[in-house]
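Data block below; observations after.
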Amino acid sequence: MHTPDLVLYTDSSPNGFKITIALEEMGLAYTLRHVQIDHDEHRHPDFLALNPHGRIPVLVDRGAGITLFESAAILLYLAQKSGQLLPEAGPAHWAAITWLMFHSSSVGPLLGQRVHFELFDDSGNATAIQRYRQLTEAAFATLDQQLAANLWLAGQAYSIADIATFGWMHIARVIAFDFSQYRHLSAWYERVNLRPAVQRGIRLPAPATGP
Numbered sequence: 284m285h286t287p288d289l290v291l292y293t294d295s296s297p298n299g300f301k302i303t304i305a306l307e308e309m310g311l312a313y314t315l316r317h318v319q320i321d322h323d324e325h326r327h328p329d330f331l332a333l334n335p336h337g338r339i340p341v342l343v344d345r346g347a348g349i350t351l352f353e354s355a356a357i358l359l360y361l362a363q364k365s366g367q368l369l370p371e372a373g374p375a376h377w378a379a380i381t382w383l384m385f386h387s388s389s390v391g392p393l394l395g396q397r398v399h400f401e402l403f404d405d406s407g408n409a410t411a412i413q414r415y416r417q418l419t420e421a422a423f424a425t426l427d428q429q430l431a432a433n434l435w436l437a438g439q440a441y442s443i444a445d446i447a448t449f450g451w452m453h454i455a456r457v458i459a460f461d462f463s464q465y466r467h468l469s470a471w472y473e474r475v476n477l478r479p480a481v482q483r484g485i486r487l488p489a490p491a492t493g494p
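Plus 283 on top of the position in the sequence shown (first one is 1) and you've got the numbering used here.
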């Protein structure tokens with residue numbers, strides 16, 4: 284049996300979900316390597332050789348001789364490789380890239396900081412908690428406004444922008460960061476969550492029970 288060229292190194296995390304979902308949506312053959320962060324496997328020299336920053340996910344395309352880290356870069360690569368989930372040109376193409384970049388700068392990192400200060404920081408830093416709540420709520424409001432007039436973030440077509448954003452919104456839902464007041468964002472979340480490939484993706488490499 285042919286060994287797939289694509290090898291994904293990942294764990295059950297919001298950034299990892301983006302890539303497992305994308306691969307499942309695109310129907311690309313890949314090998315999954317579970318990097319168990321709670322066992323410090325992301326600090327092993329062999330993994331650091333792939334990503335010197337020691338973060339998942341990492342995608343290796345052995346056939347092309349390409350190694351990628353950073354989830355947005357991996358999503359763009361897979362979209363180009365497969366010809367799927369990113370319009371080829373024109374306003375829709377750039378809308379998808381714009382909302383992918385919005386996620387990368389103003390959703391994922393801010394939610395990550397909110398998770399840290401609300402759930403893991405024992406100091407009870409009220410200033411940091413308030414700041415990241417305000418910033419994430421502002422991002423939720425922006426997403427909600429965009430989705431009030433669009434079925435998907437980039438318009439009428441589901442894209443890698445939706446996949447990227449869903450990765451972190453799924454964790455927000457799992458850990459009860461309530462965004463139900465944003466009805467368009469909530470309806471979008473349910474639309475994405477119903478997709479079979481999404482359900483497969485969030486269960487790889489193992490079901491996530493927390494952040």
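Think of the CB as a built atom: it goes at the ideal place given N, C-alpha and C, for glycine as much as any other residue. Computed from a predicted structure; not experimentally measured.
(1) Kindly list the residues whose CB is nearer than 7 Å to the CB of Pro494, restricted to its own chain and excluding five residues on each side of it in sequence; keep chain order.
(2) Decide yes or no for the touch test of the region 382–401 against the region 438–449: beta carbon pairs closer than 8 Å, at least 3 of them.
(3) Using only the alpha-carbon positions, how far apart do Ala424 and Thr286 sit?
(4) Keeping to the same chain, check which residues put their C-beta closer than 8 Å to that of Leu333; ignore five residues upstream and five downstream.
(5) Would you be able to state if there are at least three C-beta pairs under 8 Å between the region 430–437 and the region 406–422?
(6) Grouping DSSP H, G and I as helix and E and B as strand, with all else coil, what is Asp323?
(7) Quick check: what's the CA-CA separation for Pro297 versus Tyr313?
(8) Under 8 Å by Cβ, that's how I've got Ala489 and Ser295 pegged, so tell me the actual separation to the nearest angstrom.
(9) Between which two residues does the alpha helix (DSSP H) holding Tyr415 run?
(10) As a quick exercise: from His325, Ile485, Gln482 and Arg466, pick the residue whose alpha carbon is nearest that of Leu430.
Based on what the coordinates show:
(1) Here the question's residue 494 lines up with position 211 in the sequence shown. Residue placement at Pro494 is poorly supported in this model, since its pLDDT is 39, which falls under 50; the coordinates still yield a value, given next. Within the same chain, Cβ atoms closer than 7 Å to the Cβ of Pro494 are found at Val398, Leu402, Ile454 and Ile458, the five residues on either side in sequence being excluded.
(2) Between the region 382–401 and the region 438–449 there are three or more C-beta pairs closer than 8 Å, enough to call the two in contact.
(3) The residue labelled residue 424 in the question sits at position 141 within the sequence shown. The residue labelled residue 286 in the question sits at position 3 within the sequence shown. Answer to the nearest angstrom: the Cα atoms are 44 Å apart.
(4) In the sequence shown, the residue the question calls residue 333 occupies position 50. Only Tyr292, Val341, Val343, Thr350 and Phe352 meet the Cβ criterion.
(5) no
(6) Against the sequence shown, residue 323 aligns to sequence position 40. Coil.
(7) Counted from its first residue, the sequence shown places residue 297 at position 14. Counted from its first residue, the sequence shown places residue 313 at position 30. For the pair Pro297 and Tyr313, the Cα-to-Cα distance works out to about 19 Å.
(8) The count along the sequence shown starts at 1 and reaches residue 489 at position 206. The count along the sequence shown starts at 1 and reaches residue 295 at position 12. That belief holds up - the Cβ atoms of Ala489 and Ser295 are roughly 5 Å apart, short of 8 Å.
(9) As a first step, residue 415 must be located in the sequence shown, where it is residue number 132. Here the alpha helix (DSSP H) through Tyr415 covers Ala409 to Ala431.
(10) Here residue 430 refers to the residue found at position 147 when the sequence shown is read from its first residue. Checked all of His325, Ile485, Gln482 and Arg466; the closest Cα to Leu430 is Arg466.
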